[in-house]
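Novice:
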Amino acid sequence: MTSWPFGSWREVARQSNLLAPDGTLASTIFAEMSALATRTGAINLGQGFPDADGPVEILEAAVDAIRGGRNQYPPGRGVPELRTAIADHQRRFYGLDVDPDREVLVTAGATEAIAATVMALTGPGDEVVVLEPYYDSYAASIALARATRVTVPLRFPDYALDVDALAAAFSPRTRLVLLNTPHNPTGRVLTEAELTAVARLATAHDALVVTDEVYEHLVFSGHRHIPMATLPGMAERTITISSAGKTFSVTGWKVGWMTAPAPLIDAVTTVKQFLTYVNAGPFQPAVARGLALPDEIYADVAARLQAGRDLLVAGLLDAGLTVSTPAGTYFVIADAAPLGFDDGSQLCRQLPQLCGVVGVPVQVFHDDATAARSLVRFAFCKRPEVLQEAVARLGRLRPGS
Ligand SMILES: Cc1ncc(COP(=O)(O)O)c(C=O)c1O
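In structure tokens:
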């Protein structure tokens, strides 16, 4: 069968740069690079998933929930103990007051929270401001809503927010600012001054702010994650999205959530209930258990990740690349131009042969691919011995080695 000529898929593919000029559908770069890693035996630092389990307490809690018979549909907004744990978490870490019954919605990962939010709150003619580079589901969600993406560039190596460019991105049609901090793929953690600038502009244009904070606990020494909802006056116009996947190294569980004023939760629930209705029944009480774990567990996850970052950053520098040292997340961006590689996509296809490692070209996170021509993203959410081996292999890129 030739490709289906109707429906939304074509626009989603086009907006996500998956439609070739001849109309054929390309696979995502993540699928392509993971397949390349499998085929060549290269170390996969492309996709961002940990290769070790997180805290044993939450794994045990999931087993208990399955054995204890919690295997049917949970309530539409999430099991009460998880909604309460999310509200407690927001109070404990950020001093935010959230009503677990009216201001929390549990979703199928942060991905569903983002898609349902954008679809519920925007439509044709509406504009959504996003930082560029951006996580790939943002473009697809905006396309599904038939809204328009307006991007604000962050630039290597400091990835600071250009407030003038941000101001220029707003228009009378701006409905949402879709923000991500700590930021994938750059590892940037937005500062209070930057968040204040976003808050000021969103308020002036009567826009809502959607903040994707899935890496909220993966922040390294010297940096602090500040939720947008903690800024003065912003809780009433902010939708905060997070997920258990990154914090507890359970990316396959797909337990996400959002907190927002009750009318916004009602609007998003209206859409969400017809996407998945509910998911992850036995994992929801397990995540509730995880959110209540003591501070040391959270600190330990971040500390181990920071050690991984330090190892990989040192290795990349030693191999002769330029690096933007990340303040948080799973990822580091490196520039291969000093080694004479000026096309990151081409380099990523050659990397397994050159040194037995896989990364992803940063171009795929950009509308303006020229902004990231020679940049490659590597994930460091891997065991120390895997990163040590990756660093040894990356050393083969060093001129003369
Ligand atoms: C910035 C960002 N948002 C959302 C997600 C998706 O989260 P989940 O797996 O909970 O859907 C990811 C996963 O990589 C991400 O990097």
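In my numbering, the protein residues as written are -11 to 389. We put the CB at the ideal spot given by N, CA and C, even for glycine.
1. Pull the bridge partners of M222 from the DSSP assignment, please.
2. So what does DSSP say about E120, is it helix, strand or coil?
3. Would you decide whether Q351 is buried or exposed? Buried here means 16 or more other CB atoms lie within 10 Å of its CB.
4. Is A98 near ligand 1, with its Cβ less than 7 Å from a heavy atom?
5. Following a CB-centred definition, is G210 positioned closer than 7 Å to any heavy atom of ligand 1?
6. Any contact of the region 103 to 121 with the region 325 to 344, i.e. 3+ C-beta pairs under 8 Å?
7. With C-beta atoms as the reference, is F208 less than 8 Å away from W241?
8. Consult DSSP for F368 and reduce its assignment to one of helix, strand or coil.
9. Going by beta carbon distance, what residues of the same chain come within less than 7 Å of L375, once the five residues before and after it are set aside?
10. For the alpha helix (DSSP H) containing I285, name the first residue and the last one.
11. Does the contact criterion of 3 or more C-beta pairs under 8 Å hold for the region 243 to 260 versus the region 44 to 52?
12. Between the alpha carbons of L24 and V320, how many angstroms are there, rounded?
13. Can the beta-carbon of G332 be found less than 8 Å from the beta-carbon of S362?
14. Does DSSP put P251 in a helix, in a strand, or in coil?
15. Less than 8 Å between the C-beta atoms of V116 and A128, yes or no?
16. Provide the residue span of the alpha helix (DSSP H) that contains A276, from first to last.
Specialist: Working from what's here:
1. Stepping through the sequence shown from its first residue, residue 222 is reached at position 234. In the DSSP output, where bridge partners are listed per residue, M222 has none listed.
2. Here the question's residue 120 lines up with position 132 in the sequence shown. Strand.
3. The residue labelled residue 351 in the question sits at position 363 within the sequence shown. By the 10 Å Cβ count, Q351 comes out buried.
4. Looking up residue 98 in the sequence shown gives position 110. Because some heavy atom of ligand 1 lies under 7 Å away, the Cβ of A98 counts as near it: yes.
5. Position 222 of the sequence shown holds residue 210. For ligand 1, not one heavy atom lies less than 7 Å from the Cβ of G210.
6. no
7. Residue mapping note: residue 208 aligns to position 220 of the sequence shown, counting from 1. Residue mapping note: residue 241 aligns to position 253 of the sequence shown, counting from 1. The answer is no: Cβ separation not under 8 Å.
8. For the purposes of this step, residue 368 is taken as the residue at position 380 of the sequence shown. Reduced to three states, the DSSP call for F368 is coil.
9. Here residue 375 corresponds to residue number 387 of the sequence shown, with the count starting at 1. G296, L299, L300, F368, listed in sequence order.
10. As a first step, residue 285 is located in the sequence shown; it is residue number 297 there, counting from the start. Element bounds for I285: 283 to 306.
11. no
12. In the sequence shown, the residue the question calls residue 24 occupies position 36. In the sequence shown, the residue the question calls residue 320 occupies position 332. Roughly 20 Å separates the two Cα atoms.
13. Here residue 332 corresponds to residue number 344 of the sequence shown, with the count starting at 1. Here residue 362 corresponds to residue number 374 of the sequence shown, with the count starting at 1. Their beta carbons are under 8 Å apart, which means G332 touches S362 by this criterion.
14. The residue you call residue 251 lines up with position 263 of the sequence shown. Here P251 sits in helix by DSSP.
15. By 1-based counting over the sequence shown, the position of residue 116 is 128. By 1-based counting over the sequence shown, the position of residue 128 is 140. Not in contact: V116 and A128 (Cβ atoms no closer than 8 Å).
16. Position 288 of the sequence shown, counted from the start, is the residue given in the question as residue 276. 271 to 279 is the span of the alpha helix (DSSP H), which, as asked, contains A276.
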